[in-house]
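Chains A and B, in that order, give the protein sequences. Under our numbering, the first residue of the first sequence carries the number 820, and numbering increases by one thereafter. Under our numbering, the first residue of the second sequence carries the number 820, and numbering increases by one thereafter. The C-beta atom is built at its ideal place from N, Cα and C for all residues, glycine as well. The model shown is predicted, which means the values in this text are computed figures rather than measured ones.
There are 2 protein chains.
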Amino acid sequence: MEEWTVEVEHCKSPKEKPKTEELEFGRIFTDHMLVIDYTEPVGWHDARIIPYQPLTIDPSAMVFHYGQSVFEGLKAYYTPDGDIQLFRPEKNLERMNRSNDRLCIPQIDESHVLKAIKQLVHMEKDWVPTAEGTSLYIRPFIISTEPFIGVAPAHHYKLIVILSPVGAYYKEGINPVKIAVENTFVRAVKGGTGEAKTGGNYASSLKAQELCAKQGFTQVLWLDGVEKKYIEEVGSMNVFFKIDGEIVTPSLNGSILEGVTRNSVIQLLKHWQLPVTEKRISMEELYQAHMDGTLEEAFGTGTAAVISPIGQLSWEGKDLHINNGKTGKVAKALYETLTGIQYGKEKDPFNWIEKVTETETIPVK
Amino acid sequence: MEEWTVEVEHCKSPKEKPKTEELEFGRIFTDHMLVIDYTEPVGWHDARIIPYQPLTIDPSAMVFHYGQSVFEGLKAYYTPDGDIQLFRPEKNLERMNRSNDRLCIPQIDESHVLKAIKQLVHMEKDWVPTAEGTSLYIRPFIISTEPFIGVAPAHHYKLIVILSPVGAYYKEGINPVKIAVENTFVRAVKGGTGEAKTGGNYASSLKAQELCAKQGFTQVLWLDGVEKKYIEEVGSMNVFFKIDGEIVTPSLNGSILEGVTRNSVIQLLKHWQLPVTEKRISMEELYQAHMDGTLEEAFGTGTAAVISPIGQLSWEGKDLHINNGKTGKVAKALYETLTGIQYGKEKDPFNWIEKVTETETIPVK
Ligand SMILES: Cc1ncc(COP(=O)(O)O)c(C=O)c1O
Ligand SMILES: Cc1ncc(COP(=O)(O)O)c(C=O)c1O
């Protein structure tokens, strides 16, 4: 990947862009996609932006059998000035490489891939929706494509980036959600793949998610896989609590995904000089705080929903109603500041924003 | 799936069949494959045998992102009479449905799918290799194909069956292998997906496998994910030990895959009136038995390798040399009887064998 250029093949018949009301999460994709191949001994090569199209993959490709894959999720935002910008994209590419390491997938050149992603987003700039709360979701993912039925790291991969204009992730928006504490199923355990963003973690979560949805919950809260006592995270969000004035979140213990939003929330809270602690939190302790009246707020954090207040937590037949089912002050402030920065409506004191601008000219097919 | 027919489209240019010496595991595939679609509300439909070909799948297909997939592995054997036969195939389809349940994939009609698999194998009968120890590996798998970026069970799937003529799985053959007991990484934990045959379990095993291979081991022996004390299974095999005359294997505890070979071995041992027990076995206990001189044999069991004697087990810097690195009597007897039955050279007192015969005429495109 020394000489880094991205070949571009323009699509011949652009699709119609969805109306704001039609925006759902992850159902509509833009006109182009980025593809980069990996083969041995060449390494990553042949970066190209091509019309969005089906992949042609051998049925024996390892990803179908042994799940060797990783993915990321970030967003491009439209600002009042008409700019398009990304939020801490380098964090996602760093995490992708950590996931790659865990899954025995070769490392990517983070800055090269980021450049190619920006180029793709720039080409698709008219796809970035402009209405409040909407954005262009960016999904980079890597799959093992070697045609081989055997449990071993593959020798061929594809890195693909697809884009989807999205509305709000939860239909509840910033309104509080109902979460069930999961006591039977386990998402991840230390020594497993919980820290990595890989398909298997999500596949294993489907069953618990399906059962809790039937009972009217939005997502499950996962407990640790060893003792089923300690709080880990929510479906696709990290989780924070405000207890007696202190804001706490489970520490990174090897089975929790390190969220970019989590990291940003911690920085923001420190910046505001609010007390924030990463520590092991048991469900028992949380329940006690609730009974004592000191559980003041609970909320999830993630790229898709940004901040998602938790209005109710159900655990072993007990319902913890938090802050009268209303969005708490800290959650609200975080939501407003984070989205403010993301959408370019507030100052960015942390240098979190990267503008997507015209890049150098690149070969066009 | 009421009217069950399989449409057949014959391939125009059959490939050349590999020579016996060229047979590796899982690199060569036959001329045809079976495909069955699932869509809602129709259910499983459109079973067809078509030329082996790449799949055309949207890059947003859920399998690439959230790993919703299951698979199976069984073999077709060539007998001295020129017959082709399967070994307990209904067990694999039962297990596929258990895996489906865990992964929120719709149930398949086991007997219909088995019939279609037999039809495929019959069509490809000239691909079943005839040399000693070779067979035709059958790989049924299901992938979620719905084009949707969101963590939820899919509404579209494909069940695909591909076939690969194979030689021995381990280059060591029935010779003893060196296994490392894994102390850092964890394959599965109760409440996770360990019982299911799904990609994520194998993806998560790659790293440990890669590290142990660098140190000259064939596979790792997994310990339980909670206490890292109790023996679970080997890479892609269940595991048995003979201690002081008794044969023991870890009981099915929710995180171990229930092997068809494991089940057959237990039945065979009982039939031979040898003492066999399923129970929780700690590594400490095994080490003690080794020190006392009562650890007589250790072997793995699985479709790919049938019986794989373990000659050396390394645990926390200690090397347990088992049976002087030689194949034990029980392992040898099991190997010979199982392969004898599978290849039609021995009587089949358990009704384990299903012949693959000409099936009723089916529509041909
Ligand atoms: C399991 C899990 N935890 C946490 C998060 C939040 O991470 P981030 O803030 O980077 O979106 C996500 C979503 O990406 C996730 O899938
Ligand atoms: C994890 C694991 N355990 C055990 C086995 C053995 O199962 P079986 O005897 O059905 O091949 C396999 C192989 O299928 C496996 O992948």
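List the endpoints of the continuous beta strand (DSSP E) containing T1120 (chain B). Residue numbering aside, residue 1120 (chain B) sits at position 301 when the second sequence is read from its first letter. Run containing T1120 (chain B): L1114 to G1121, per the beta strand (DSSP E) assignment.
Scan the region 1006-1022 of chain B for residues whose Cβ lies nearer than 9 Å to a Cβ of chain A and list them as they occur along the chain. R1006, A1007, V1008, K1009, G1010, G1011, T1012, A1015, T1017, G1018, G1019, N1020, Y1021 and A1022
Round the Cβ separation of F960 (chain B) and I979 (chain B) to the nearest angstrom and send it over; I've been treating them as touching at under 8 Å. The residue you call residue 960 (chain B) lines up with position 141 of the second sequence. The residue you call residue 979 (chain B) lines up with position 160 of the second sequence. Correct: roughly 6 Å between the Cβ atoms.
How many angstroms separate the CA atom of L893 (chain B) from the CA atom of I1160 (chain B)? Along the second sequence, one-based indexing puts residue 893 (chain B) at 74. Along the second sequence, one-based indexing puts residue 1160 (chain B) at 341. Spanning the two alpha carbons is a distance of roughly 14 Å.
Residues bridged to F1036 (chain B) (per DSSP): Reading the second sequence from its first residue, position 217 is the one you call residue 1036 (chain B). Answer is none; F1036 (chain B) lacks a bridge partner.
For A1108 (chain B), count the other beta carbons within 10 Å of its own beta carbon; 16 or more makes it buried, fewer makes it exposed. Which is it? For the purposes of this step, residue 1108 (chain B) is identified with residue 289 of the second sequence, where counting begins at 1. With 16 or more Cβ atoms within 10 Å of its Cβ, A1108 (chain B) is classed as buried.
Spatial neighbours of E1177 (chain B) within its chain, please: C-beta separation below 7 Å, excluding the five flanking residues on both sides. As a position in the second sequence, residue 1177 (chain B) is number 358, starting the count at 1. Cβ within range, chain order: H941.
Note down, in chain order, all residues in the region 865-886 of chain A with a beta-carbon under 7 Å from any beta-carbon belonging to chain B. P873, L874, T875, I876, D877, P878, S879, V882, F883, H884, Y885 and G886
Please determine whether the Cβ atom of E1052 (chain B) lies at a distance below 6 Å from any heavy atom of ligand 2. Numbered from 1 along the second sequence, position 233 holds the residue referred to as residue 1052 (chain B). At least one heavy atom of ligand 2 is nearer than 6 Å to the Cβ of E1052 (chain B), so yes.
For a cutoff of 7 Å on Cβ pairs, would you count M820 (chain B) as touching chain A? Translated into positions along the second sequence, residue 820 (chain B) becomes position 1. Note that M820 (chain B) scores a pLDDT of 48, beneath 50, so its modelled location is shaky and nothing firm can be said.
Please tell me whether, using a cut-off of 6 Å, the distance from the CB of T1080 (chain B) to the nearest non-hydrogen atom of ligand 2 is below it. For this step, residue 1080 (chain B) is matched to residue 261 along the second sequence. In this structure, the C-beta of T1080 (chain B) approaches ligand 2 to less than 6 Å from one of its heavy atoms.
Going by DSSP, what residue range makes up the alpha helix (DSSP H) through F890 (chain B)? Residue numbering aside, residue 890 (chain B) sits at position 71 when the second sequence is read from its first letter. Where F890 (chain B) is concerned, there is no enclosing alpha helix (DSSP H), although the beta strand (DSSP E) it sits in stretches over S888 to F890.
Is the Cβ of L922 (chain B) closer than 7 Å to any Cβ of chain A? Your numbering for residue 922 (chain B) matches position 103 in the second sequence. Yes, its Cβ sits closer than 7 Å to a Cβ of chain A.
Check this for me: beta carbons of L853 (chain B) and V985 (chain B), under 7 Å apart or not? As a working note, residue 853 (chain B) is residue 34 in the second sequence. As a working note, residue 985 (chain B) is residue 166 in the second sequence. Cβ atoms of L853 (chain B) and V985 (chain B): not closer than 7 Å.
Host beta strand (DSSP E) of H864 (chain A) (start-end): As a working note, residue 864 (chain A) is residue 45 in the first sequence. From DSSP, the beta strand (DSSP E) with H864 (chain A) extends over G862 to P870.
Cα-Cα separation, E909 (chain A) to N1057 (chain A): Sequence index remark: in the first sequence, residue 909 (chain A) carries index 90 (1-based). Sequence index remark: in the first sequence, residue 1057 (chain A) carries index 238 (1-based). Their backbone Cα atoms lie some 19 Å apart in a straight line.
Rounded separation between G1019 (chain A) and D900 (chain B) - CA only: Here residue 1019 (chain A) corresponds to residue number 200 of the first sequence, with the count starting at 1. Here residue 900 (chain B) corresponds to residue number 81 of the second sequence, with the count starting at 1. Whole-angstrom Cα-Cα distance: 44 Å.
Touch test, the region 1159-1174 of chain A against the region 1000-1016 of chain A, Cβ-Cβ under 8 Å, three pairs minimum: no
Quick check on W1091 (chain A): buried or exposed, where buried means 16 or more other Cβ atoms within 10 Å of its Cβ? As a first step, residue 1091 (chain A) is located in the first sequence; it is residue number 272 there, counting from the start. W1091 (chain A) is exposed by the Cβ-count criterion.
Name, please, each residue of chain A whose Cβ falls closer than 9 Å to the Cβ of M852 (chain B). Indexing the second sequence from 1 puts residue 852 (chain B) at position 33. Going along chain A in sequence order, the residues near M852 (chain B) (Cβ under 9 Å) are P878.
Would a C-beta distance cut-off of 7 Å place L1153 (chain B) and V1084 (chain B) closer than the cut-off? Translated into positions along the second sequence, residue 1153 (chain B) becomes position 334. Translated into positions along the second sequence, residue 1084 (chain B) becomes position 265. Contact flag set, yes.
Ignoring anything shorter than 4 residues or poking outside the region 958-1005 of chain B, list the alpha helix (DSSP H) runs there in chain order. none
Report, in whole angstroms, the separation of the C-beta atoms of F1060 (chain A) and E1116 (chain A), which I expect to be a contact under 8 Å. Locating residue 1060 (chain A) in the first sequence gives position 241, counting from the first residue. Locating residue 1116 (chain A) in the first sequence gives position 297, counting from the first residue. Right, the Cβ-Cβ distance comes to about 7 Å (below 8 Å), so this counts as a contact.
Output the residue ranges of the beta strand (DSSP E) runs that lie fully inside the region 1037-1115 of chain A and measure 3 residues or longer, sorted by chain position. 1038-1042, 1050-1053, 1057-1062, 1065-1069 and 1095-1098
Under 7 Å between C-beta atoms of G1073 (chain B) and E1014 (chain B): Here residue 1073 (chain B) refers to the residue found at position 254 when the second sequence is read from its first residue. Here residue 1014 (chain B) refers to the residue found at position 195 when the second sequence is read from its first residue. Yes, the pair counts as a contact, with Cβ atoms nearer than the cut-off.
Are Q887 (chain A) and A1022 (chain B) close, meaning C-beta to C-beta below 7 Å? Translated into the one-based positions of the first sequence, residue 887 (chain A) becomes position 68. Translated into the one-based positions of the second sequence, residue 1022 (chain B) becomes position 203. Going by C-beta atoms, Q887 (chain A) is nearer than 7 Å to A1022 (chain B).
Does the Cβ of T1122 (chain B) lie closer than 6 Å to at least one heavy atom of ligand 2? Your numbering for residue 1122 (chain B) matches position 303 in the second sequence. Yes; taking the cut-off as 6 Å, the Cβ of T1122 (chain B) has a heavy atom of ligand 2 nearer than that.
Three-state class that DSSP yields for K1009 (chain B) in the structure shown: As a position in the second sequence, residue 1009 (chain B) is number 190, starting the count at 1. Residue state, collapsed to three classes: coil.
First and last residue of the uninterrupted alpha helix (DSSP H) at Q904 (chain A): By one-based count along the first sequence, residue 904 (chain A) stands at place 85. Boundaries for Q904 (chain A): no alpha helix (DSSP H) harbours it, while the beta strand (DSSP E) harbouring it runs I903 to F906, taken from the DSSP string.
Taking Cβ positions, are G1044 (chain A) and V861 (chain B) nearer each other than 7 Å? Numbered from 1 along the first sequence, position 225 holds the residue referred to as residue 1044 (chain A). Numbered from 1 along the second sequence, position 42 holds the residue referred to as residue 861 (chain B). No, the Cβ-Cβ distance between G1044 (chain A) and V861 (chain B) is not below 7 Å.
Is the region 910-920 of chain B in contact with the region 942-955 of chain B, if contact means three or more CB pairs nearer than 8 Å? no
Taking a Cβ distance cut-off of 8 Å, strictly less, list which residues of the region 948-965 of chain B are near chain A, in chain order. Y956, R958, F960 and I962
Please confirm whether any heavy atom of ligand 1 lies closer than 6 Å to the CB of L1076 (chain A). Walking along the first sequence from the start, residue 1076 (chain A) turns up at place 257. Checking the Cβ of L1076 (chain A) against ligand 1 gives yes.
With a threshold of 6 Å (Cβ to nearest heavy atom), would M915 (chain B) be considered close to ligand 2? One-based indexing of the second sequence puts residue 915 (chain B) at position 96. M915 (chain B): no, Cβ never under 6 Å from ligand 2.
Put I927 (chain A) into one of helix, strand or coil per three-state DSSP. Residue mapping note: residue 927 (chain A) aligns to position 108 of the first sequence, counting from 1. In the structure shown, I927 (chain A) sits in coil (DSSP, three-state: anything other than H, G, I, E or B).
Does the beta-carbon of G892 (chain B), which I'm using as the reference point, lie nearer than 6 Å to any heavy atom of ligand 2? Against the second sequence, residue 892 (chain B) aligns to sequence position 73. Yes; taking the cut-off as 6 Å, the Cβ of G892 (chain B) has a heavy atom of ligand 2 nearer than that.
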